[in-house]
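Per this note's numbering, the sequence shown starts with residue 39, numbered consecutively. Using N, Cα and C, we set each Cβ at its ideal position, and we do this for glycine too.
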Amino acid sequence: MMEEKIREALKEVVDPELGINVVDLGLIYGIECPSPEEVKIRMTLTVKGCPLAHFLTQQVKERVEKIEGVKKVEVELVWDPPWNPSMVSPEVKKRFGIQ
């Protein structure tokens, strides 16, 4: 239940270059809740060295911190597996004609 709440909140974090939220882009690799008030998020970016890395990770952290009961949010940037366009949601695939 909490993971669903977090995913919905993260849909409000939009990559400004692509205009697509981080969930539908497939950038969120994992969400863990070690305790009711602690959240750990593993995410990636579309490319290493992305100039928006700090902005996006900060937006993810701040958005999840707004969820009632959450007191601590840790965002880990990971590169394995590397992101690729096949990771986007079916809606995004349809929008951009990705097979």
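- For Leu94, the enclosing alpha helix (DSSP H) stretches over residues Ala91 to Glu103.
- Counting along the chain, the unbroken beta strand (DSSP E) around Met81 starts and ends at Glu76 to Met81.
- Straight through space, the alpha carbons of Gly135 and Glu114 are spaced by roughly 31 Å.
- As the crow flies, the alpha-carbon of Pro74 is around 26 Å from that of His92.
- As far as DSSP is concerned, Val85 takes part in no beta bridge.
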